[in-house]
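One structure below.
In UniProt numbering, the protein residues as written are 1 to 627.
Pasting the structure below:
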């Protein structure tokens, strides 16, 4: 029978045994199964109870209070307790519940339904006292799409037909019909989207999104495209880390703040998780069924805007021989304006996947997202630093924020603003917090006392001295309460006495990220360049004229006396073999960037044959390596 249960139900059975041992019960009953579901804290049963606004903690307390009254203190903590007849019956019934809902595996919601169907037990009584009944749970369970079985597909239709006849004879068909009638009026209009997506407007309402600074032009263009009659689908294109997803978050925040045109009032932005849509689709047609359900919900609810991050993944998603991919299923609805969709992808992926498909490309309106400037990035850091200060329990100085922008711009060249500056800010806060967290000795001593009391209690139980074990148990509880109070005081003190993150800490973190020595990074550039001539002359002997011209060009550039559209300098070192031409280039790279590896060296002797030019400029169209 075990292979008919999901892994989570198997875990819940194990938890129910542990709960029975903890509460000194002589058997594992339906109430222990419910405690196991609550202890697991995840799964569809918990989601259903949460949607019904159930106080899970109160239910747990009520069950524990009743079980403690019946507890047998003589039982050992690891005693073998049998499964009661009621619990065994519920586990059999949950398989029937799963079959009735066209599912091959019994999951947590089926266990919950079985507990409520078999009314004569403590768990069902407590649930009904909290206004939870079979009809309400079944209504919510039928609204949620079954991940294991796709959207209503069953692995073996014959088994379902065989199981349907005993169900009709159990007298429960009336309840199921009543629940199904109720489910025709769902409490939520978009159950499938809620299961496969995240509501960004709800996250904005709850304050879980960071504030979005700037990007006025992009957000305005986004709102403009969404307000069109047809082909109202913007696609954000930009390099990784420029803030494409943040722009959509900014739109969600503006919708909540009513700072958009009236056409976009009361819209919901839902981010679709394509991995969740694809996951678990074992049989042909299941993926298409899920996409179809999502499209139907979007067409029935025009107030929902779909956001697909990494939208290039829809090209080819779910496709197999003779089936359609997600992109082809979305095309008709996108063209007619029946659904509104925001996409986000990088320039490379757009060229590789979407631009090739002209029919898909024309349905999206391009919005190019450029990296922010240094000044804009600094403003972004100033606006979001509060959230990072609260998370890491630190303060950021203005110099630290400026150092984040300046040093990442100078030393982390392979990534884009604002992402790299935010990363440096975040990691510096984490580093300072970790290096300054010292657990007080009183708390460590208190934890040792609790551990000692626990060990003595277990020894007393093993030696059958239950009175002594009870005294140690009470002592352990008292010490645990004291420990919680001590921890609260310590955390409050930490919040009051926050550490400061300065420019030096930022330099240390960026040094770790880039591998450039912190001394060279922290040294003022003006001071470093002032001694450049002497340092190079000490390394490259008897080439004073060449070094002088080199240094002058670099100093001119750094002072700002050059055309910004031209390079710092273009030098041609001439001379016989062995006088130090390559050596001077290496030393210059080492001095400026901290490593001789910063020099990109092209040896023209390797490009003598005409076909080798493709190494420099890349393969021509139609040849291997073009893409």
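All C-beta atoms, glycine included, are put in the ideal place defined by N, C-alpha and C.
Straight-line gap, residue i to residue j (C-alpha atoms, nearest Å)
i, j, result
"residue 307", "residue 204", "15 angstroms"
"residue 57", "residue 346", "45 angstroms"
"residue 48", "residue 617", "59 angstroms"
"residue 624", "residue 614", "11 angstroms"
"residue 299", "residue 341", "12 angstroms"
"residue 586", "residue 222", "48 angstroms"
"residue 118", "residue 124", "8 angstroms"
"residue 402", "residue 552", "28 angstroms"
"residue 193", "residue 268", "11 angstroms"
"residue 258", "residue 286", "39 angstroms"
"residue 364", "residue 243", "19 angstroms"
"residue 95", "residue 71", "30 angstroms"
"residue 581", "residue 514", "28 angstroms"
"residue 108", "residue 361", "43 angstroms"
"residue 622", "residue 248", "38 angstroms"
"residue 382", "residue 391", "15 angstroms"
"residue 556", "residue 605", "33 angstroms"
"residue 512", "residue 196", "38 angstroms"
"residue 261", "residue 532", "57 angstroms"
"residue 19", "residue 122", "15 angstroms"
Three-state secondary structure assigned by DSSP to residue i
i, result
"residue 254", "helix"
"residue 464", "coil"
"residue 307", "strand"
"residue 234", "strand"
"residue 541", "coil"
"residue 86", "helix"
"residue 209", "coil"
"residue 598", "helix"
"residue 535", "helix"
"residue 199", "strand"
"residue 619", "coil"
"residue 473", "helix"
"residue 426", "helix"
"residue 570", "coil"
"residue 313", "helix"
"residue 191", "helix"
"residue 626", "coil"
"residue 442", "helix"
"residue 604", "helix"
"residue 416", "coil"
"residue 227", "coil"
"residue 613", "helix"
"residue 582", "helix"
"residue 432", "helix"
Cβ neighbour criterion (16 or more within 10 Å) applied to residue i
i, result
"residue 235", "buried"
"residue 112", "buried"
"residue 387", "exposed"
"residue 417", "buried"
"residue 14", "exposed"
"residue 572", "exposed"
"residue 464", "exposed"
"residue 190", "buried"
"residue 215", "buried"
"residue 282", "exposed"
"residue 290", "buried"
"residue 43", "buried"
"residue 12", "buried"
"residue 656", "With the chain running from 1 to 627 in the structure shown, residue 656 is simply not present."
"residue 438", "exposed"
Check: residue i C-beta below 7 angstroms from any heavy atom of the ligand NAD
i, result
"residue 132", "With respect to small molecules bound, the structure shown includes none, and the ligand NAD cannot be examined in it."
- Counting Cβ pairs, one atom from each stretch, are 3 or more of them under 8 angstroms apart for the stretch 441-455 and the stretch 473-489? A contact between stretches requires three or more CB pairs, one per stretch, nearer than 8 angstroms, and the stretch 441-455 meets this requirement with the stretch 473-489.
- Message: Quick test of the definition: if touching needs 3 or more C-beta pairs under 8 angstroms, does the stretch 224-242 touch the stretch 330-350?
- Response: Cβ pair count under 8 angstroms is three or more, so yes.
- Could you tell me which uninterrupted alpha helix (DSSP H) segments, each at least 4 residues in length, are contained entirely in the stretch 356-412, listed from first to last along the chain? Under the rule that a run must span 4 or more residues, the alpha helix (DSSP H) segments found entirely inside the stretch 356-412 read 358-361, 374-392, 398-411.
- Message: Would you call the stretch 362-372 in contact with the stretch 395-412, where contact means no fewer than 3 C-beta pairs closer than 8 angstroms?
- Response: No, they do not touch.
- Query: Using 8 angstroms as the threshold, is the stretch 250-257 in touch with the stretch 195-209, meaning 3 or more CB pairs across them?
  - Reply: Yes, they touch.
- Message: Going residue by residue through the stretch 478-522, where are the continuous alpha helix (DSSP H) segments of at least 4 residues, counting only ones entirely within it?
- Response: Inside the stretch 478-522, DSSP marks whole alpha helix (DSSP H) runs of 4 or more residues at positions 503-514, 518-522, from first to last along the chain.
- Query: Taking contact to mean at least 3 C-beta pairs separated by less than 8 angstroms, is the stretch 437-453 in contact with the stretch 405-414?
  - Reply: The stretch 437-453 makes no contact with the stretch 405-414: fewer than 3 CB pairs, one atom from each, lie closer than 8 angstroms.
- Query: Going along the chain, which unbroken runs of the alpha helix (DSSP H) with 4 or more residues stay wholly within the UniProt domain "Clp R" (1-150)?
  - Reply: DSSP runs (the alpha helix (DSSP H)) wholly in the UniProt domain "Clp R" (1-150): 7-22, 30-40, 44-51, 56-69, 85-100, 108-117, 122-129, 134-143.
- Stretch pair the stretch 324-338 + the stretch 265-272: three plus CB contacts closer than 8 angstroms: Touching, no.
- Task: Could I get the ranges of all uninterrupted beta strand (DSSP E) runs contained in the stretch 324-349, with 3 residues as the minimum, in chain order?
- Result: For the stretch 324-349, whole beta strand (DSSP E) runs of length 3 or above, ordered along the chain, are 340-345.
- Message: Closer than 8 angstroms is the cut-off here; do at least three beta carbon pairs connect the stretch 281-301 with the stretch 331-338?
- Response: Contact holds: three or more Cβ-Cβ distances are below 8 angstroms.
- Message: Closer than 8 angstroms is the cut-off here; do at least three beta carbon pairs connect the stretch 423-436 with the stretch 500-507?
- Response: A contact exists between the stretch 423-436 and the stretch 500-507.
- Query: Which residue spans inside the stretch 254-304 form an unbroken alpha helix (DSSP H) run of at least 4?
  - Reply: Counting only runs of 4 or more, we get 274-278, 286-300.
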